[in-house]
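Protein chains in written order, with our numbering: chain A, 9 to 505; chain B, 1002 to 1474.
Note that CB positions come from ideal geometry on N, CA and C, so glycine has one too.
Below is one structure, written out as structure tokens; the observations come after it.
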């Protein structure tokens, strides 16, 4: 059996295990074991990929390719395969899910259901990253989105029903537009006769007629873009993140939003490069707005989760921005940014959840001086913050540096102007991050009962450390990740020019 | 008739035999043991259903009045399976004291409508088709009025009868025009002699309007909600699933075999009607609180999606429609099964009553959730595959605008399907429906539906079988 299929099977088995467990207290242990195995599997996958790459065994870019016929008459196959980018994304997902399980260790109501939906979401994400077939990719995409409705609606806080419905409908709306795009690609996948195909690798070998591309590229790009919080379709994101329970915010901002960025270049740009080149300017304008607007939005907020949600809009906008720059360096940065933002935002949301669990408020002006009472969480928050504003030595710096460096390589005024505008977001990011750190962690303790707060428990530490180690690792040794990505970008870049 | 002829029309003959056996059994059962007729009839019908799957030759009878092909057999088998589920779901309800003296009537009426539908599907001549459709409709009106002491049920019966006779009249008017042009009512002759003319288009539109009544397409849908609400739940599920499925099956055959010449006309008509049906059905479903009315409007909008497959006019479209009807049968019957179980237990039919259902009856809620997701087209359940293929069929012929409108409609429909899920899983309720145990038959009915919802999608073999049917007929 193909090693990649295990990435989908393990979460499914874990879900079955959770169903079978009688004692609801053991549910979390089963989930942790399952996701631990998943993390190990992801590690093995990275190692296998890197060693195959080094020894030169790997011909072409995709590895562990496997294709099983499913719906023969429609040429739908279950086709899987990974390149460096998907391997990196899978590793990211495994880390975040693992941390997410520990972040929801103290889940109180309906434990079984919570973990089952959480793992269903993870199944969808893993399935999406290994898919090479547009049909299965789309299937997994929707499988990843729909559990969000339950996770936010049942276990969320605040106006959870509203947020859950808004998020689900907007994301499903995105997938609906995407569906039209996918069908358009499918029916134009054999312009010179022959069999139609849903397989990305097959389709990439032909050139889809430009007239069709002009119609279907925007649909596909916007379809994925909605999930990647593309302005003006980002409004689901702040509400959704703010209402979601901790682990769900982590997974959603950390991983699910990356499906948007990943899909945008793996499907929209890779398969329809000509239209992408033609229309990039429209989306560059939109993503530039995303980047700056998101940052300003974060400055204006007082609720920790909203701050972070807007910051996600800004950072994910940067991913799409970099993708649209269409050169090696910027795209390299886009992938690093996806990983880096995934880890960092997951860490943020985990910490916010933990702080909220202690102080019972998320309003920054109601808190203060937390550094004195919960130093571990506070230090972790500072590290996440510094990564977010791009301090050298942490993952955020590597990503943003690469993106802006790549973007500025374009000699024309438009691209440079867009880049300069987008760069300002770094400054704004620094403003809101440092403001939060100042108010929240430093200064006087505002509320006397905060004196009795307890610092992180072991499972919280485990969750935080998993993410923090990854952030620092990428920040200090970005070389490994870059090599993983760079060669896999080759075929995509070469199609774009 | 030779033995082979019997084999060719075995579906109808078996059903007729079953009908007669139940009739005789009814006569020879004492009043105290009438309840046993339920189990007996269900077992009898499951035998009939199973025998329908025995392979048999294709062929035509009565001078091409009756045609049996592999396609029609698959269609009939699908209808049989659906009917079997409906019967299983009715078991509990029929055992109620007020229904005790009319148990056999239910089976007899239901079987005679099914016989009508089978003849309709196999017809090769408009007269045969008309006989079939009337045989299918009139007993349905009686079924809708089954709870005759209840005003709404009697009203439903009358409404169904009046609207269907009106639609039959319109349809016959259209057919008479077609007869005037071609001089024949044989499908083959009509197809050969029909040409694109004003009269042919007019005749087709009248005919189409009649059919649209049966399929409850907008703007001919107004009877649907009242009838669905008034009729007993199990009859409603039969109406919305089997009756609609049969109407769309015969519609495929007629469009592809009789009216291929005016394909441009009917594609234009279908385009408009599809958009109207999906949108209006959806918009009305948004505000419904009664579960039966809600499912009525949802089934109207589903009928709009059926048209997406028809409009493509391709073999893929035909295959996806048959496949989608199969998916739809399982999903809708799953939903109706839950509604029926709850309605029979405590008489509650409003969506607000479902608040907090998950906490008291988790299994029923899960079945309902799967059914809703399947109707909305959410993976990994069968509805997703069905919808995806429908859109593929329509997009294959370049109807991208229509597909875009349709996918936007699925989002609207997702909203109201999620409302049901929300009320079961998220909403709090002071006095939720109490935990109750369903009887074995209700469980069996729901398990079959869930199995269908889950398996039909993944089992690609099923789709391939339908895809490979010969559509030449």
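Residues that residue i contacts on chain B, provided the C-beta gap is smaller than 8 Å
i, result
"residue 150 of chain A", "1379, 1380 and 1385"
"residue 78 of chain A", "1461"
"residue 147 of chain A", "1380, 1381 and 1385"
beta-carbon residue i near the ligand MN non-hydrogen atom, thresh 8 Å
i, result
"residue 1107 of chain B", "By its list of ligands, the structure shown contains no ligand whatsoever, and the ligand MN lies outside what it can speak to."
Residues that residue i contacts on chain B, provided the C-beta gap is smaller than 7 Å
i, result
"residue 81 of chain A", "1465 and 1468"
"residue 154 of chain A", "1379"
"residue 157 of chain A", "1419"
"residue 35 of chain A", "By Cβ distance, chain B contributes nothing, its closest Cβ being about 16 Å from residue 35 of chain A, past 7 Å."
"residue 195 of chain A", "1396 and 1397"
"residue 184 of chain A", "1408, 1409, 1411 and 1412"
"residue 180 of chain A", "1412 and 1415"
"residue 177 of chain A", "1412, 1415 and 1416"
With 16 other Cβ atoms within 10 Å as the buried cut-off, status of residue i
i, result
"residue 462 of chain A", "exposed"
"residue 76 of chain A", "exposed"
"residue 12 of chain A", "buried"
"residue 1456 of chain B", "exposed"
"residue 71 of chain A", "buried"
"residue 368 of chain A", "exposed"
"residue 1288 of chain B", "exposed"
"residue 1473 of chain B", "Legend: pLDDT at residue 1473 of chain B = 44, less than 50; position of this residue unreliable, no value from coordinates given."
"residue 1298 of chain B", "buried"
"residue 32 of chain A", "exposed"
"residue 116 of chain A", "exposed"
"residue 1380 of chain B", "buried"
"residue 960 of chain B", "The requested residue 960 of chain B is not part of the displayed model; chain B covers only 1002 to 1474."
"residue 1452 of chain B", "exposed"
"residue 1222 of chain B", "buried"
"residue 1175 of chain B", "buried"
"residue 1028 of chain B", "exposed"
"residue 260 of chain A", "buried"
"residue 1119 of chain B", "buried"
"residue 213 of chain A", "exposed"
"residue 1468 of chain B", "buried"
"residue 1054 of chain B", "exposed"
Cross-strand partners of residue i (DSSP beta bridge)
i, result
"residue 371 of chain A", "A:311"
"residue 1067 of chain B", "B:1062 and B:1124"
"residue 412 of chain A", "Partner(s): none; residue 412 of chain A has no beta bridge."
"residue 1100 of chain B", "For residue 1100 of chain B, which the question treats as bridged, DSSP gives no partner whatsoever."
"residue 141 of chain A", "A:207"
"residue 71 of chain A", "A:90"
"residue 1187 of chain B", "B:1126"
"residue 77 of chain A", "A:85"
Cβ separation of residue i and residue j, assumed to be a contact under 8 Å, to the nearest whole Å
i, j, result
"residue 3 of chain A", "residue 397 of chain A", "What is shown of chain A runs 9 to 505, which leaves residue 3 of chain A out entirely."
"residue 1334 of chain B", "residue 1177 of chain B", "The pair is not a contact, with the Cβ atoms about 37 Å apart (cut-off 8 Å)."
"residue 366 of chain A", "residue 382 of chain A", "7 Å"
"residue 1377 of chain B", "residue 1411 of chain B", "7 Å"
"residue 250 of chain A", "residue 310 of chain A", "Not a contact, Cβ separation roughly 12 Å."
Partner residues on chain B for residue i, Cβ-Cβ distance less than 9 Å
i, result
"residue 173 of chain A", "1416, 1419, 1420 and 1423"
"residue 169 of chain A", "1423, 1427 and 1428"
Within chain A, partners of residue i - CB distance below 7 Å
i, result
"residue 1250 of chain B", "The contacting residues do not exist; residue 1250 of chain B stays about 20 Å from chain A at best."
"residue 1401 of chain B", "188 and 192"
"residue 1404 of chain B", "188 and 191"
Neighbour list for residue i in chain A, Cβ cutoff strictly below 9 Å
i, result
"residue 1190 of chain B", "Near residue 1190 of chain B there are no residues of chain A at all, since even the closest Cβ is about 33 Å away, more than 9 Å."
"residue 1392 of chain B", "187, 188 and 191"
Within chain A, partners of residue i - CB distance below 8 Å
i, result
"residue 1426 of chain B", "158, 161 and 162"
Given 8 Å as the limit, is there contact between the segment 1109–1117 of chain B and the segment 1349–1366 of chain B, that is, 3 or more CB pairs closer than that?
-> No, the segment 1109–1117 of chain B does not touch the segment 1349–1366 of chain B.
Say whether the segment 1244–1252 of chain B touches the segment 1268–1279 of chain B, bearing in mind that this needs 3 or more beta-carbon pairs closer than 8 Å, one atom from each stretch.
-> Fewer than three Cβ pairs drawn from the segment 1244–1252 of chain B and the segment 1268–1279 of chain B lie within less than 8 Å of each other, which leaves the two stretches out of contact.
Below 8 Å, can you find three or more Cβ-Cβ pairs linking the segment 1193–1208 of chain B to the segment 1068–1076 of chain B?
-> With the cut-off at 8 Å, the segment 1193–1208 of chain B and the segment 1068–1076 of chain B do not touch.
Can we say the segment 220–228 of chain A touches the segment 273–283 of chain A, given the rule of at least three CB pairs closer than 8 Å?
-> In short, these stretches touch, since the Cβ pair count reaches three.
Are three or more beta carbon pairs between the segment 81–97 of chain A and the segment 201–218 of chain A nearer than 8 Å?
-> Verdict: yes, contact present.
Counting Cβ pairs, one atom from each stretch, are 3 or more of them under 8 Å apart for the segment 1339–1350 of chain B and the segment 1383–1398 of chain B?
-> Between the segment 1339–1350 of chain B and the segment 1383–1398 of chain B, the count of C-beta pairs closer than 8 Å stays below three; the two stretches do not touch.
Determine contact between the segment 481–499 of chain A and the segment 330–350 of chain A, defined as no fewer than three beta-carbon pairs at a distance below 8 Å.
-> Short answer: they touch.
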